[in-house]
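Asks: Quick one: the structure is below, and I'll ask about it shortly.
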Amino acid sequence: MNLYNCFSALVLCVLVQLGSSTSHSRCGHGSAAVQDALQSKIQQAAKSKKATLEMRSRAGIRERSGLVSRVYSSSTAIRILADYSEIGTGAFADRIRNDIVPKAIAEIRRRIGLKNPVQGNLYLPILCLSWWDVGGVIYCAEVDVSEAAPGFCSTSTLGIANNWDYYGSYQLCTGPSEDQCTTYPAQTGAPDTDFIVYISARDTECGGSTLAYAAACELDESTNRPLAGYINFCSASSDSSDDALIETAVHEILHAIYFSPSLMEKFIDADGNELGNSGVFTTDYSGRSAVKTAAVLSQASSVYGCGSVSGVPLEDGGGGGSAGSHWERE
């Protein structure tokens, strides 16, 4: 079973086991600003993928920012590093940092494992944005982040900055020749980590009763697997019970790991081929969008006792914070 199908099936089970008491209308990750920021990152990564990989190969960059091809006899619990550098201070921030997020991560680790965990330290990729192509040899002229400006892992208004310490090495050239290129070393990276999640607690882009929102922000340059994301807790969630807030945190981490329409289109099969929109989604009898990956269909058949399932429908109501980003509740 490939990584994404594995996630698809397991998250279906997680949501069934935990229940769905958190109102989908209170999940703001589907807002236009959040989705636009994620889509921009995905489009940027796709545009520069070939140049980035060729730049790394030519420069002899060895460390990997994502998965390493290796077959494991058993899955390994996903390792999630919570970065609290943007959490701020106060009782609510302390509660999130010391209690809610650690318990949410532990809950996910009990249910989700990776067959291809990161080997060594996790390094976030530095994408080549513009380049010279001389007979197929790539000379990178511009990259998307630097030590001075590591960029945002969020919308620009939320302003959660990426941690430069997590980034890998890259090469930058002032012209299309070897003697005009400089290779910059990797930073420390994140040890024993498969996914980094930045945690904040601000009322930026929090509308009405929105409890929290989340998205991915850094993707593996080869597989498109999310490597980093963020969760922002809104003040509306501060009155929630611990159990409800832990459920919210689990819910949002899963959105950042992969449960977003923009990310689902990047799912891959067992051979590493991108499934694309038509390989992931179908339309059910009532016209709703539904997920049809093999593992999801298998799990749905088992969970609901159906002999044949053509797709598991996604929510089609609730506005941008819900539609297309949650399983249908009815």
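Mapping of the sequence shown onto mature numbering (1 follows the signal peptide of the UniProt record, and there is no 0): residues -21 to -1, 1 to 309, in sequence order. Using N, Cα and C, we set each Cβ at its ideal position, and we do this for glycine too. Computed from a predicted model, the values in this text were never measured in an experiment.
Give a yes or no on contact between the stretch 210 to 219 and the stretch 239 to 255, applying the rule of three or more CB pairs nearer than 8 angstroms.
Replies: No contact exists between the stretch 210 to 219 and the stretch 239 to 255.
Asks: Just reading off the beta strand (DSSP E) that TYR145 is part of, what are its end residues?
Replies: Unbroken run through TYR145: none, as it is neither H nor E.
Asks: Taking the continuous beta strand (DSSP E) assigned at SER277, which residues delimit it?
Replies: Unbroken run through SER277 is the alpha helix (DSSP H), 273 to 283; no beta strand (DSSP E).
Asks: Can you look up ALA193 in the DSSP assignment and give me helix, strand or coil?
Replies: Correct three-state label for ALA193: strand.
Asks: I think SER13 touches TYR192, with their Cβ atoms under 8 angstroms apart; what is that distance to the nearest whole Å?
Replies: The identity of residue 13 in the sequence shown is Val, whereas the question assumes Ser. With a Cβ gap of about 6 angstroms, VAL13 and TYR192 count as contacting.
Asks: Given a cut-off of 8 angstroms on the beta-carbon distance, is the pair ALA235 and ILE210 in contact?
Replies: In contact: ALA235 and ILE210 (Cβ atoms closer than 8 angstroms).
Asks: Taking C-alpha atoms, which residue in ASN142, GLU121, LEU137 lies nearest to PRO129?
Replies: Looking at the Cα atoms, ASN142 is the closest of the given residues.
Asks: Put PHE238 into one of helix, strand or coil per three-state DSSP.
Replies: DSSP places PHE238 in coil when its eight states are reduced to three.
Asks: Beta-carbon within less than 6 angstroms of GLN159's beta-carbon, same chain only, minus the 5 sequence neighbours each way: which residues are those?
Replies: If we look at GLN159 and ignore the five residues flanking it on each side, its Cβ neighbours are CYS152, THR153.
Asks: Is the beta carbon of TYR163 sitting closer than 8 angstroms to the one on SER179?
Replies: Taking 8 angstroms as the Cβ cut-off, TYR163 and SER179 do not qualify as a contacting pair.
Asks: Please report the straight-line C-alpha distance between SER53 and TYR118, rounded to a whole angstrom.
Replies: At SER53, the pLDDT of 49 sits below 50, so the modelled position is not reliable; the number obtained from the coordinates is stated separately. Roughly 41 angstroms between the two C-alpha positions.
Asks: Pull up the distance between the alpha-carbon of GLY290 and that of PHE246, whole angstroms please.
Replies: Spanning the two alpha carbons is a distance of roughly 16 angstroms.
Asks: May I have the straight-line CA-CA distance separating ALA70 from ASN77, to the nearest angstrom?
Replies: Going by the C-alpha atoms only, they are around 10 angstroms apart.
Asks: Can at least three beta-carbon pairs, one atom from the stretch 121 to 138 and one from the stretch 90 to 99, be found at a separation below 8 angstroms?
Replies: Because the criterion of three Cβ pairs below 8 angstroms is not met, the stretch 121 to 138 and the stretch 90 to 99 do not touch.
Asks: Report the option in CYS107, ALA61, ARG90, SER239 whose CA atom is closest to the CA atom of GLN17.
Replies: Sequence inspection shows Leu at residue 17; the Gln mentioned does not correspond to that position. LEU17 has its Cα closest to that of SER239, out of CYS107, ALA61, ARG90, SER239.
Asks: Which word fits CYS285, buried or exposed, when buried means at least 16 other C-beta atoms lie within 10 angstroms of its C-beta?
Replies: Exposed, because fewer than 16 other Cβ atoms sit within 10 Å of the Cβ of CYS285.
Asks: Distance, Cα to Cα, LYS271 vs ALA38?
Replies: Taking the straight line from one Cα to the other gives about 40 angstroms.
Asks: Name the DSSP beta bridge partners of ASN211, please?
Replies: ASN211 pairs with SER179, TYR192.
Asks: Spell out a yes or no on whether the stretch 17 to 31 and the stretch 198 to 208 are touching, meaning 3 or more CB-CB pairs, one atom from each, closer than 8 angstroms.
Replies: Yes, the stretch 17 to 31 is in contact with the stretch 198 to 208.
Asks: Would you check if the distance between the CB atom of ALA195 and the CB atom of GLY208 is smaller than 8 angstroms?
Replies: Yes, these two residues count as a Cβ contact at 8 angstroms.
Asks: Flag this pair as yes or no: are the beta carbons of LEU103 and GLU244 separated by less than 8 angstroms?
Replies: Taking 8 angstroms as the Cβ cut-off, LEU103 and GLU244 do not qualify as a contacting pair.
Asks: Given this structure, state the Cα-to-Cα distance separating ASP62 from GLY114, to the nearest angstrom.
Replies: The straight-line gap from Cα to Cα measures roughly 42 angstroms.
Asks: Is the beta carbon of THR55 closer than 8 angstroms to that of LEU106?
Replies: No; because the gap between Cβ atoms is not below 8 angstroms, this pair is not in contact.
Asks: For THR189 and GLU226, what's the separation of their Cα atoms in angstroms?
Replies: Their backbone Cα atoms lie some 14 angstroms apart in a straight line.
Asks: Using a 10 Å radius around the Cβ and a threshold of 16 neighbouring Cβ atoms, would you call ASP199 buried or exposed?
Replies: Classification for ASP199: buried.
Asks: Which of the three DSSP states, helix, strand or coil, is assigned to LEU137?
Replies: In this structure, LEU137 counts as coil in the three-state DSSP scheme.
Asks: Does DSSP put residue 310 in a helix, in a strand, or in coil?
Replies: Outside the shown range of the chain, which is -21 to 309, sits residue 310, and nothing can be said about it.
Asks: Hey, LYS177 and GLU65: beta-carbon distance below 8 angstroms or not?
Replies: A quick correction: the sequence has Tyr, not Lys, at residue 177. Cβ distance < 8 angstroms, so TYR177 and GLU65 count as in contact.
Asks: Expressed to the nearest angstrom, what Euclidean distance is found between the alpha-carbon atoms of ARG35 and SER125?
Replies: Computed Cα separation, rounded: 16 angstroms.
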